[in-house]
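Student:
2 protein chains.
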Amino acid sequence: MRYYETQGLLRVERTPSGHRVYGDWAVDRVIRIQALYAAGLNSKKIALLLPCMRDTDGAPSEIATPQLVTELATERDRINRMITDLIRSRDVLDEVIDTASDRLRPALVEP
Amino acid sequence: MRYYETQGLLRVERTPSGHRVYGDWAVDRVIRIQALYAAGLNSKKIALLLPCMRDTDGAPSEIATPQLVTELATERDRINRMITDLIRSRDVLDEVIDTASDRLRPALVEP
DNA sequence: CTTGAACCTGACATTGGTGTCAACTTTTAC
DNA sequence: GTAAAAGTTGACACCAATGTCAGGTTCAAG
Chain A
818 MRYYETQGLL RVERTPSGHR VYGDWAVDRV IRIQALYAAG LNSKKIALLL
868 PCMRDTDGAP SEIATPQLVT ELATERDRIN RMITDLIRSR DVLDEVIDTA
918 SDRLRPALVE P
Chain B
818 MRYYETQGLL RVERTPSGHR VYGDWAVDRV IRIQALYAAG LNSKKIALLL
868 PCMRDTDGAP SEIATPQLVT ELATERDRIN RMITDLIRSR DVLDEVIDTA
918 SDRLRPALVE P
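Protein chains in written order, with my numbering: chain A, 818 to 928; chain B, 818 to 928.
1) What are the uninterrupted segments assigned as alpha helix (DSSP H) that are 4 or more residues long and contained completely in the segment 845-913 of chain A, given in chain order?
2) Quick check: the Cα distance between T823(A) and H836(A), rounded to an integer number of angstroms?
3) Answer yes or no: do L853(B) and L885(B) have a C-beta to C-beta separation smaller than 9 Å?
4) Please list, in chain order, the residues of the segment 889-900 of chain B that have any C-beta partner in chain A closer than 9 Å.
5) Mind listing the chain A neighbours of T873(B)? Cutoff is C-beta to C-beta under 8 Å, in chain order.
6) Compare the beta carbon distance of A856(B) and D902(A) with 9 Å and say whether it is the shorter of the two.
7) Please classify R828(B): does DSSP put it in a helix, a strand, or coil?
8) Assign S906(A) to buried or exposed, taking buried as 16 or more other Cβ atoms, counted over all protein chains shown, within 10 Å of its Cβ.
9) Counting only C-beta atoms, is D845(B) closer than 9 Å to chain A at any point?
10) Where do the N-terminal and C-terminal ends of the alpha helix (DSSP H) with Y821(A) fall, by residue?
11) For I863(B), which residues of its own chain have a beta-carbon under 8 Å away from its beta-carbon, when the five flanking residues on both sides are left out?
12) Between the alpha carbons of I904(B) and R828(A), how many angstroms are there, rounded?
13) So, are the CB atoms of R846(A) and L867(A) less than 9 Å apart?
14) Can you check whether the C-beta of R849(B) is within less than 9 Å of a C-beta belonging to chain A?
15) Determine, using beta carbons only, whether L921(A) comes closer than 9 Å to chain B.
16) Is S918(A) close to chain B, meaning its C-beta is less than 9 Å from at least one C-beta of that chain?
17) From the beta carbon of A852(A), is the nearest beta carbon of chain B less than 9 Å away?
18) List the residues that DSSP assigns as beta-bridge partners of R837(B).
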């Protein structure tokens, strides 16, 4: 989370002596950040994107610029490809698992 | 691909003088390897998994051991979580994009 | 007050697949 | 035959988020 802070992803309150104070909102925010990292976005894009996201209760605090929109559209397309590839890989795993499982209990299907 | 070779993912023929000879099958295999990497598997699991996969035309050359099956099932579950998270992130991106796009051409929806 | 726990900063290691470079050998084209 | 192109090996750098450690400050309980 210190790292997130340096990247401008998390603005954290400080107690007068310098200790960080995390509000409840920080939890959701960290979860969102990690999801975006997992989706392949880098710190910079996330930093630009976060303020444009709708918060739990409110409207976004910023509107994405046209430049950012095209970048995000590119990311979205990449994520879509990622999803279809993952589904394919998952299905391959399922097939391997099923094939092996069939061999493990052949009695169940014998006449 | 040299790296894949060292990890036991690609067995490559050699010409007498040592040059690598890649058959057509290598293309599909590399694509599959990269898909599995993208799905978060590491070299070792992929090396165990590959021989259990059905090839383009033939049956798998090996059947996964029970140990491997449980590992693969864990990976599959992780991939499933990955997919749902990615879908969520993609939808978030879509929302940000749509919101910005609505702002860019408001005339189209004005009365 | 004192002591232990928790926090701060800054520097550094880790990860694992990928990219790059040098020095050398083999192939290919003319 | 010769030169350019492309292959080989091995060593090393890179990325970027995360983890860890040391030395010093602050907080909280007794």
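Where a beta carbon is used, it is the ideal one built from N, C-alpha and C, also for glycine.
Tutor: This is what the structure gives:
1) 860-866
2) 15 Å
3) Judged by beta-carbon spacing, L885(B) lies beyond the 9 Å limit of L853(B), meaning their Cβ atoms are not closer than that value.
4) L889, A890, E892, R893, I896, N897, M899, I900
5) Chain A residues near T873(B): none, gap ~13 Å exceeds 8 Å.
6) yes
7) coil
8) buried
9) At a cut-off of 9 Å between beta-carbon atoms, D845(B) makes no contact with chain A.
10) 819-823
11) Q824, L826, I850, L853, Y854
12) Each residue's Cα considered, the two are about 27 Å apart.
13) yes
14) yes
15) yes
16) Cβ-Cβ to chain B under 9 Å: yes for S918(A).
17) For A852(A), the nearest beta carbon of chain B is closer than 9 Å to its own beta carbon.
18) Beta-bridge pairing links R837(B) to R831(B).
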